[in-house]
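Asks:
Number of protein chains: 2
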Amino acid sequence: MSHAQEVAARVTAERLDTFMRQALTRCGVDEPSTAAVSRALLTASRMGTDSHGLRLLPHYLRAVQGGRVNPRPGMVFSRRMPAIGYLDADDGFGHLAGYTAIDHAIAMADDTGLGAVAVGHSSHFGAAGCYPLEAARRGLIGMAVCNSDPFVRLHQGQGAFHGTNPFAFAAPVEGEPPYLLDMATSAIPWNRVQQYAAIDRELPADVAADAHGDVTTDPRQVRSLLPLGGAQFGFKGAGLAGVVEVLSSTLAGMLNGFRLLPMGGPDMSTPRGVGHFFLVMRPDAFTDRATYQASMRDYLDDLRAQPAQPGAEVLAPGDREWRCQARRDAEGIPLDPANLTAFERIAEELGLAPLTVR
Amino acid sequence: MSHAQEVAARVTAERLDTFMRQALTRCGVDEPSTAAVSRALLTASRMGTDSHGLRLLPHYLRAVQGGRVNPRPGMVFSRRMPAIGYLDADDGFGHLAGYTAIDHAIAMADDTGLGAVAVGHSSHFGAAGCYPLEAARRGLIGMAVCNSDPFVRLHQGQGAFHGTNPFAFAAPVEGEPPYLLDMATSAIPWNRVQQYAAIDRELPADVAADAHGDVTTDPRQVRSLLPLGGAQFGFKGAGLAGVVEVLSSTLAGMLNGFRLLPMGGPDMSTPRGVGHFFLVMRPDAFTDRATYQASMRDYLDDLRAQPAQPGAEVLAPGDREWRCQARRDAEGIPLDPANLTAFERIAEELGLAPLTVR
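Protein sequence lines, in the order shown, are assigned to chains A and B. Each residue of the first sequence is one higher than the one before, starting from 1 at the first, in this note's numbering. Each residue of the second sequence is one higher than the one before, starting from 1 at the first, in this note's numbering.
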């Protein structure tokens with residue numbers, strides 16, 4: 001899934017963390033927000049989710065400098081029932097909202113077995129997988145969804161309506177890193193269209209639409225993405241995006257994605273009111289810990305033993321990510337030429353020592 | 001989505017209900033199981049989910065006559081934490097397990113805001129949407145998933161591994177029937193392949209695979225379905241099927257779908273040990289009832305106002321189903337020639353008055 005990128009430099013996670021924290025701090029961002037943003041970007045960059053890793057730092061700095069994101073939010077959590085809470089994120093960084101919300105959901109799940117938190121007045125939270133991953137690391141099943149501004153057309157629709165509305169799910173596996181699914185409900189990512197347009201390459205069939213909603217493979221004609229399932233079966237992807245929308249904006253009383261201000265601007269001063277939703281479950285409470293662990297093990301053993309097509313490989317969700325993380329922890333996290341330039345510019349603008357790269 | 005079928009006769013819901021109950025009772029099925037099976041099949045048939053409606057009655061009768069399904073189960077529910085329970089379905093009908101489990105999940109959600117039930121030692125439960133629908137009718141959000149025997153290949157895999165592993169979600173909408181998504185995580189239904197093989201029609205591109213896992217459009221060559229997303233993006237559908245599998249078999253400590261006995265037999269005497277999972281949430285507990293209702297209304301108004309492609313229509317999940325239900329409640333539920341023959345044979349074999357049709 002990941003696309004080969006030109007590696008201009010590599011950086012250790014530690015140095016990247018230091019640089020990102022310095023840059024955010026220089027922009028007036030408080031310590032909890034700084035720590036949360038850096039942690040989420042590092043998590044994504046280490047496991048190879050490059051669309052949601054260090055690449056986003058310049059965007060987040062613009063958002064906080066422009067006033068869209070509150071650098072020192074007073075987030076307020078209300079536990080409204082034993083297993084349900086609401087977090088008002090006070091227009092702060094979505095990453096802090098995400099880690100805060102999943103912590104509350106975990107605490108409620110410790111009490112009741114389940115915990116769900118709707119988050120309102122938030123902003124972009126990076127890779128959705130970051131938050132369920134925290135639950136899985138503590139032995140719990142986690143789920144996160146988030147709405148976004150319109151990129152994806154409805155089934156049989158003409159123009160963009162839903163966002164790429166990601167769905168992320170993580171579950172603990174004894175003796176290995178978590179099972180982790182983190183996927184957009186669109187047929188392809190918007191980034192992919194931009195990359196293909198830049199190199200004048202034809203898109204795969206049945207993933208994107210032109211101004212009339214008709215399928216096109218010309219990236220310059222693309223005005224919306226198709227929902228997962230494409231032109232014929234996109235009612236499934238659109239339905240999943242709808243579930244994400246109901247959970248993330250409706251439960252939090254936020255505007256639905258069609259009415260969200262675009263993430264990319266030009267308005268970088270008005271808070272967007274993004275909604276998120278998090279769910280945590282205790283997997284060992286349905287039967288018992290040993291049964292859960294053995295069932296999960298048997299399932300993954302069966303899955304990984306399936307014969308693959310020639311030259312291909314059968315993977316469980318997360319296998320690719322953990323393999324990438326091990327490699328990047330050894331070799332360093334890659335920056336492409338655009339990342340490198342952007343980070344050099346940040347150092348210059350904010351008067352920071354440049355990021356030390358290899 | 002629905003395929004035109006040849007209508008041999010029509011029947012009222014009331015008469016269909018009576019006939020199905022008589023047939024089940026004649027096979028020794030107890031009253032709660034009889035009521036649950038008929039209720040689920042009627043729900044599906046009324047809303048046009050014909051693959052999971054009255055068509056399945058002959059199958060269920062064979063399953064109970066063969067001994068696979070326990071006609072008088074002693075289902076045992078254990079509330080293991082305030083929001084989590086386990087239902088041992090004692091190899092009874094999945095429909096009774098489903099309605100029982102969703103009732104317990106609703107009761108727990110009334111207490112804590114959320115309720116989840118894993119069901120073990122169950123059997124086929126019909127249309128997954130039946131159970132979240134019960135939650136939505138009582139003002140709650142519901143979700144149901146279920147594993148099934150292998151039909152769908154993994155991303156880059158050669159043979160069938162996951163079942164069609166459905167995901168169903170329903171949410172209440174003030175003043176109209178619920179929002180309802182009920183979808184398989186495969187690219188198309190297995191039924192569709194069989195229908196196309198019968199009429200020698202080519203399949204859509206990128207939905208099914210041959211014995212090597214390669215995409216084919218020849219229905220007679222099909223040995224597995226592709227996961228939602230097709231050959232290139234099937235890691236998404238396979239990941240969703242995996243989430244369904246983890247929730248429905250792993251949490252319940254049941255065998256994963258790859259190891260399930262085939263629904264279609266030939267063994268109709270051994271219990272299959274199907275797992276289900278149900279989740280219920282109180283949508284008005286995150287903010288408040290008025291906010292939830294207004295947000296849901298605004299979202300659906302925005303969605304239904306989107307321009308459609310020429311000759312097409314933009315629908316919210318459930319719109320098609322409720323429209324079909326209104327039509328069938330007026331005109332009667334259609335039986336195709338195969339249904340009619342099967343129902344005549346049941347009446348003859350069990351010594352029942354034939355189903356009165358129009």
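Glycine included, every Cβ here is placed at the ideal spot set by N, Cα and C.
1. So what does DSSP say about Cys324(A), is it helix, strand or coil?
2. Determine whether the Cβ of Ile333(A) lies closer than 8 Å to any Cβ atom of chain B.
3. On the DSSP letters alone, give me the boundaries of the beta strand (DSSP E) that Val11(B) sits inside.
4. By the three-class DSSP mapping on this structure, what secondary structure does Arg308(A) have?
5. Under 8 Å, do Met296(B) and Ala170(B) count as touching if we go by C-beta distance?
6. Below 9 Å between beta carbons is the criterion; list the residues of the segment 225-242 of chain A that meet it against any residue of chain B, in chain order.
7. With a 10 Å radius around its C-beta and 16 neighbouring C-beta atoms as the bar for buried, classify Val11(B) as buried or exposed.
8. So if DSSP puts His212(B) in a beta bridge, which residue, or which two residues, is it bridged to?
9. Identify the contact partners of Val314(A) in chain B, using a Cβ-Cβ distance below 8 Å as the criterion.
10. Determine the burial state of Arg55(B): buried for a count of at least 16 other Cβ atoms within 10 Å of its Cβ, exposed for fewer.
11. Answer yes or no: does any C-beta atom of chain A fall closer than 8 Å to that of Leu365(B)?
12. Evaluate the contact criterion for the segment 246-253 of chain A versus the segment 279-295 of chain B: three or more CB pairs, one atom per stretch, below 8 Å.
13. Using 10 angstroms around the beta-carbon of Gly237(A), count the other beta-carbons present and answer buried if the total reaches 16, otherwise exposed.
14. According to DSSP, simplified to helix, strand and coil, what is Asp182(B)?
15. Should the segment 53-69 of chain A be regarded as contacting the segment 138-154 of chain A, the criterion being three or more beta carbon pairs within less than 8 Å?
16. Straight-line CA distance for Ala338(B) to Ala326(A)?
17. Per DSSP, what are the beta-bridge partners of Arg79(A) in this structure?
18. Count the other C-beta atoms from every protein chain shown that fall within 10 angstroms of the C-beta of Pro283(B), then say buried if there are 16 or more, exposed otherwise.
19. Along the chain, where does the beta strand (DSSP E) that runs through Ala363(A) open and close?
20. Along the chain, where does the alpha helix (DSSP H) that runs through Leu355(A) open and close?
21. What's the call for His121(A), buried or exposed, on a 16-neighbour Cβ count within 10 Å?
22. Measuring straight from C-alpha to C-alpha, what distance separates Asp206(B) and Ala197(A)?
23. For Pro73(A), which three-state DSSP category applies?
24. Can you list, in chain order, the residues of its chain whose CB lies under 6 Å from that of Val280(B), leaving out five sequence neighbours each side?
25. Can you tell me which of Ala231(B), Glu349(B), Leu57(B) puts its alpha carbon nearest to the alpha carbon of Arg39(B)?
26. Could you pull out every residue in the same chain whose Cβ sits closer than 6 Å to the Cβ of Ala347(A), ignoring the five residues on either side in sequence?
27. Leaving out five residues before and five after His52(A) in sequence, what residues of the same chain have Cβ atoms less than 7 Å from its Cβ?
28. Give a yes or no on whether the minimum CB-CB distance between Gln194(B) and chain A is below 8 Å.
29. By the three-class DSSP mapping on this structure, what secondary structure does Val314(A) have?
30. Within the same chain, show all residues whose beta-carbon is closer than 8 Å to that of Pro204(B), passing over the 5 residues directly before and after it, in chain order.
31. How do the segment 231-246 of chain B and the segment 150-166 of chain B stand: do at least 3 beta-carbon pairs fall below 8 Å, yes or no?
32. Quick check: what's the CA-CA separation for Met268(A) versus Gly113(B)?
33. The segment 59-81 of chain A: which residues have C-beta closer than 7 Å to a C-beta of chain B, in chain order?
34. Using the rule of at least 16 other Cβ atoms within 10 Å of the residue's Cβ for burial, across every protein chain shown, is His162(A) buried or exposed?
35. Since Met281(B) is in the beta strand (DSSP E), which residue starts that stretch and which ends it?
36. Please state whether DSSP places Arg138(B) in a helix, a strand or coil.
Replies: From the atom records:
1. helix
2. no
3. 9-11
4. The amino acid occupying residue 308(A) in the given sequence is Ala; Arg does not appear at that position. Strand.
5. no
6. Going along the segment 225-242 of chain A in chain order, one finds Leu228, Gly229, Gly230, Gln232, Phe233, Phe235, Lys236, Gly237, Ala238, Gly239, Leu240, Gly242 with a Cβ nearer than 9 Å to chain B.
7. Burial call: buried.
8. Answer is none; His212(B) lacks a bridge partner.
9. Leu154, His155, Gln156, Gly157
10. It counts as buried.
11. This structure does not reach residue 365(B), given that chain B is present from 1 up to 358, and the question cannot be answered.
12. yes
13. buried
14. Residue state, collapsed to three classes: strand.
15. no
16. The C-alpha of Ala338(B) lies about 57 Å from the C-alpha of Ala326(A).
17. Gly85(A)
18. buried
19. Given a span of 1 to 358 for chain A in the structure shown, any question on residue 363(A) remains unanswerable.
20. From DSSP, Leu355(A) is part of no alpha helix (DSSP H); its letter is neither H nor E.
21. Residue burial is scored here from C-beta neighbours: His121(A) has at least 16 other C-beta atoms within 10 angstroms and is therefore classed as buried.
22. 24 Å
23. In the structure shown, Pro73(A) sits in coil (DSSP, three-state: anything other than H, G, I, E or B).
24. Ala105, Ile106, Ala109, Gly115, Ala135, Leu140, Gly142
25. Leu57(B)
26. Pro354
27. Ala44, Gly126, Ala127
28. no
29. coil
30. Ile188, Thr217
31. yes
32. 37 Å
33. Arg80, Met81
34. buried
35. 274-281
36. coil
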